[in-house]
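Here is the structure we will look at, set down as structure tokens.
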Amino acid sequence: MTDATTEAVLPPTPTPTPTPTPTPAMAEASVLAAPEAPAPEAAAPEVPAYGEFKLPDGATVDGEQLEQATALFKEAGLPQEQAQKFIDLALSREQAAATRGVQAFVDLQTKWVSEIKADPEIGGTRFEASMAQASRAIDRLGVPGLREALNLTGAGNNPAIVKAFVRLGQMVSEDRFMPGRNAAPAASRSPAETIYDGNPKQSQ
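Positions in the sequence shown are counted from 1; adding 4 to them yields our numbering.
Here is the structure:
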């Protein structure tokens, strides 16, 4: 009896709850649920400072263009040495383009002079006399700076312009005498030198 009463009075022993074994899915879930650590703030890039850029002798750079280029250099973070290389490259391209332009001008002047000297109307044995007539027309017009303008621009060697002045000189000639027709040939000069008394760059 005593044993039966004791068994009835004592509470039942609770069954322990088993601890779940961690699985890969649980580990991933815990990682995803973990708060992210704040990323460290990136340091602001240092803005380079530029000194004076070196230029070839006689070369100049437009101030506004240089400021624009310098702003781009700073934005890209280029040091002084690399920025100088870009300056050198830009200047070399400009100089090459200018050289090509001058050479094209010289070639055109040479071509025009050859055409005038070979022209059957004003060239050949008539060349010197034709140039004298054209010069007379310039004098008779009396336009200040006309000779200089024709010489400076090279237009004084254009065959059409030379012919126009030759004909104008013939029109204003009073005695129709053609100076130089029987004279000994002078040293070779370009039409611009003969007519406009200049020293054009193309003939140098």
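Every residue gets a Cβ at the ideal spot worked out from N, C-alpha and C, and that includes glycine. Keep in mind it's a predicted model, so treat the numbers as computed, not measured.
Do you know offhand how far Gly160's Cα is from Gln107's?
18 Å
Please report the distance separating the alpha-carbon of Ala133 from that of Ile142.
15 Å
Val147 - DSSP class collapsed to helix/strand/coil:
coil
Are the CB atoms of Phe109 and Lys121 within a distance shorter than 8 Å?
no
List the endpoints of the continuous alpha helix (DSSP H) containing Val65.
Looking at the DSSP string, Val65 is not in any alpha helix (DSSP H), and its letter there is neither H nor E.
Give me the residue from Asp123, Phe90, Ala102 with the minimum Cα distance to Ile162.
Residue identity differs from the one stated: residue 162 is Asn in this sequence, not Ile. Of Asp123, Phe90, Ala102, the residue nearest in Cα terms is Asp123.
Could you give the DSSP three-state label for Pro163: helix, strand or coil?
helix
Taking 8 Å as the cut-off, decide whether the C-beta atoms of Phe77 and Tyr54 are in contact.
yes
Through-space distance from Ile126 to Leu59, alpha-carbon basis:
49 Å
In whole angstroms, give me the CA-to-CA distance for Thr129 and Gln137.
14 Å
So, under 8 Å CB-CB, Val166 and Arg144 are touching, yes? Tell me the CB distance rounded to an integer number of Å.
Not a contact, Cβ separation roughly 16 Å.
From the beta carbon of Ser177, is the nearest beta carbon of chain D less than 8 Å away?
Among the protein chains of the structure shown there is no chain D, as only one such chain exists.
Considering Leu59, what are the terminal residues of the alpha helix (DSSP H) in which it resides?
Counting along the chain, Leu59 falls outside any alpha helix (DSSP H), and DSSP gives it neither H nor E.
If we count the other Cβ atoms within 10 Å of its Cβ and call it buried at 16 or more, is Val117 buried or exposed?
buried
Measure the C-alpha to C-alpha separation of Glu98 and Gln72 and round it to an integer number of angstroms.
17 Å
Expressed to the nearest angstrom, what Euclidean distance is found between the alpha-carbon atoms of Lys115 and Ala94?
32 Å
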